[in-house]
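Undergrad: Every number in my numbering is 134 more than the matching position in the sequence shown, counting from 1.
What follows is a structure written as structure tokens; I'll ask about it next.
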Amino acid sequence: MGALTGLFAAEPVLLERWFAAQGAPPSIDLARSGAPELSTADILTVAGPEARDEYLGLPLGYGHPVGEEGLRAAIERDRSARHADEVIVTTGATEALLLAAAAALAAGEQAAVGVPAHGGVVRALEATGAHILRVPVWRPGSSRLDLSGLFRALQRGASVLALNSPHNPTGAVADGDELAALIDACTLYGARILVDEVALSTLNPHAESVTRCPEFISGTVVAVGDLSKSLGLGGLRIGWLTCADHELLGRVTQLKDITTLGTSVTSQFLAALALENRATLARQIAALATRNRDALGDWVMQIGGAEYTPPADGLVAFPLLPMREGAMGFVERLRATAGVSVVPGVLFGVPSRLRLGLGLSPGVFTRGLERIAVALG
Ligand SMILES: Cc1ncc(COP(=O)(O)O)c(C=O)c1O
Numbered sequence: 135m136g137a138l139t140g141l142f143a144a145e146p147v148l149l150e151r152w153f154a155a156q157g158a159p160p161s162i163d164l165a166r167s168g169a170p171e172l173s174t175a176d177i178l179t180v181a182g183p184e185a186r187d188e189y190l191g192l193p194l195g196y197g198h199p200v201g202e203e204g205l206r207a208a209i210e211r212d213r214s215a216r217h218a219d220e221v222i223v224t225t226g227a228t229e230a231l232l233l234a235a236a237a238a239l240a241a242g243e244q245a246a247v248g249v250p251a252h253g254g255v256v257r258a259l260e261a262t263g264a265h266i267l268r269v270p271v272w273r274p275g276s277s278r279l280d281l282s283g284l285f286r287a288l289q290r291g292a293s294v295l296a297l298n299s300p301h302n303p304t305g306a307v308a309d310g311d312e313l314a315a316l317i318d319a320c321t322l323y324g325a326r327i328l329v330d331e332v333a334l335s336t337l338n339p340h341a342e343s344v345t346r347c348p349e350f351i352s353g354t355v356v357a358v359g360d361l362s363k364s365l366g367l368g369g370l371r372i373g374w375l376t377c378a379d380h381e382l383l384g385r386v387t388q389l390k391d392i393t394t395l396g397t398s399v400t401s402q403f404l405a406a407l408a409l410e411n412r413a414t415l416a417r418q419i420a421a422l423a424t425r426n427r428d429a430l431g432d433w434v435m436q437i438g439g440a441e442y443t444p445p446a447d448g449l450v451a452f453p454l455l456p457m458r459e460g461a462m463g464f465v466e467r468l469r470a471t472a473g474v475s476v477v478p479g480v481l482f483g484v485p486s487r488l489r490l491g492l493g494l495s496p497g498v499f500t501r502g503l504e505r506i507a508v509a510l511g
């Protein structure tokens with residue numbers, strides 16, 4: 135088991151430091167990558183009056199270290215896990231990534247991560263003291279992730295692979311058959327694969343979790359999910375990991391004793407209610423994200439030198455735009471003069487692109503695009 139020897143030397147997660155430095159978002163916030171935020175009242179209203187009484191009467195003890203039964207069962211019913219007893223609830227996907235990396239990797243071992251990547255995935259792997267190989271998985275122009283570099287990393291000795299699908303910042307996804315073959319190859323090499331699927335099924339309602347594929351039973355896969363992006367519930371700080379290998383789950387449970395010990399019981403209660411009503415909530419999110427995705431496609435065609443591959447799933451898009459002064463300068467000017475916030479692609483190592491969030495009202499999204507067009511000149 136990894137000792138998190140790299141934790142205190144960890145480099146910053148650039149995107150999170152950038153968000154923190156930005157302060158309160160301007161009126162048109164295309165920088166966020168999740169669904170519109172929900173409130174406690176929103177969840178309790180969808181769930182009905184009995185849920186409200188139960189919430190107010192909830193005992194505030196520690197709860198179960200691996201998560202409350204009700205939430206774990208809701209995650210299973212949501213088809214985000216095979217069995218409730220294969221789920222460990224965490225403080226966001228962030229903790230799940232750290233615990234999974236620490237349980238699967240030891241200092242000095244090698245791990246490969248598909249890039250560009252959400253910085254939290256890379257830093258969680260680095261925190262173990264393992265040697266991290268960055269493997270390109272995104273090809274401009276394709277909405278399918280290219281897994282060939284991960285296959286090669288495996289052959290060269292990586293003991294853990296990490297993949298984010300649906301992919302932040304592009305919305306590209308791994309092909310199911312190719313991912314199944316990669317899982318098989320990991321099993322053959324005695325390696326593990328960590329799949330971060332936090333944005334699953336937000337744009338594509340038919341998308342299935344990696345936990346549904348028959349190869350999941352091998353115990354090779356650790357899947358990570360949350361409610362932050364998909365339902366606009368980042369403030370609950372609820373995430374999870376699931377794996378068919380109970381020995382790995384045991385190691386994660388042990389590690390969780392020194393990270394957070396338990397997870398907020400009130401958050402877990404609300405998270406379970408939200409998951410049980412996901413069909414209703416997610417339909418609205420997918421509808422607005424689809425409208426925004428299509429509007430972005432039409433808009434890009436009118437901008438000379440722009441390029442855009444529509445995301446296959448997830449709530450972000452990653453167009454290339456002709457920014458004269460460079461992305462960082464453009465983003466700052468856009469915010470200061472037009473009141474629009476977007477994420478510079480340089481924070482993902484791709485300076486020519488911007489990440490735009492699709493999970494907001496189509497009226498606001500379109501106004502944002504209009505202002506970006508003016509700023510591009
Ligand atoms: C791909 C990806 N994984 C994990 C996270 C962390 O999510 P959480 O809020 O559940 O900790 C994020 C947040 O931006 C993300 O984009």
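A virtual CB, placed ideally from N, CA and C, is assigned to each residue, including glycine.
Computed from a predicted model, the values in this text were never measured in an experiment.
Identify the residues that DSSP records as bridge partners of residue 372: which are they?
TA: 225
Undergrad: Taking the CB atoms as reference points, tell me whether residue 296 and residue 337 lie closer together than 8 Å.
TA: no
Undergrad: Beta-carbon separation of residue 352 and residue 394 under 8 Å?
TA: no
Undergrad: What's the call for residue 294, buried or exposed, on a 16-neighbour Cβ count within 10 Å?
TA: buried
Undergrad: Expressed to the nearest angstrom, what Euclidean distance is found between the alpha-carbon atoms of residue 439 and residue 456?
TA: 6 Å
Undergrad: Let me check you understand the geometry: is the CB of residue 447 closer than 7 Å to at least one non-hydrogen atom of ligand 1?
TA: no
Undergrad: With a threshold of 8 Å between beta-carbons, can residue 447 be considered close to chain D, or not?
TA: The question asks about chain D, but that chain is absent: this structure has only one protein chain.
Undergrad: Quick one: what's got a C-beta closer than 6 Å to residue 253's C-beta in the same chain, skipping five residues either side?
TA: 147, 148, 149
Undergrad: On the DSSP letters alone, give me the boundaries of the alpha helix (DSSP H) that residue 244 sits inside.
TA: Counting along the chain, residue 244 sits inside no alpha helix (DSSP H); it lies in the beta strand (DSSP E) bounded by residues 244-249.
Undergrad: Any idea if residue 190 is buried or exposed, counting beta-carbon neighbours within 10 angstroms, 16 or more meaning buried?
TA: Exposure of residue 190 is indicated by the presence of fewer than 16 other C-beta atoms within 10 angstroms of its C-beta.
Undergrad: Using C-beta distances below 6 Å, list every residue in its chain close to residue 379, excluding the 5 sequence neighbours before and after it, in chain order.
TA: 353
Undergrad: Does the Cβ-Cβ distance between residue 255 and residue 231 come in under 8 Å?
TA: yes
Undergrad: Is it buried or exposed, residue 478, if we count other Cβ atoms within 10 angstroms and call 16 or more buried?
TA: buried
Undergrad: Can you give me the Cβ contacts of residue 431 inside the same chain, cut-off strictly under 7 Å, excluding the 5 residues immediately before and after it?
TA: 442, 444
Undergrad: Which same chain residues end up closer than 7 Å to residue 462 when comparing Cβ atoms and leaving out the 5 residues on each side of it in sequence?
TA: 478, 480
Undergrad: For residue 437, does the three-state DSSP call read helix, strand or coil?
TA: coil
Undergrad: Measure how close the beta-carbons of residue 221 and residue 201 come, nearest whole angstrom, since I'm counting them as under 8 Å.
TA: With a beta-carbon spacing of about 6 Å, residue 221 and residue 201 fall inside the 8 Å limit used to define contacts.
Undergrad: Quick one: is residue 217 buried, meaning 16 or more other Cβ sit within 10 Å of its Cβ, or exposed?
TA: exposed
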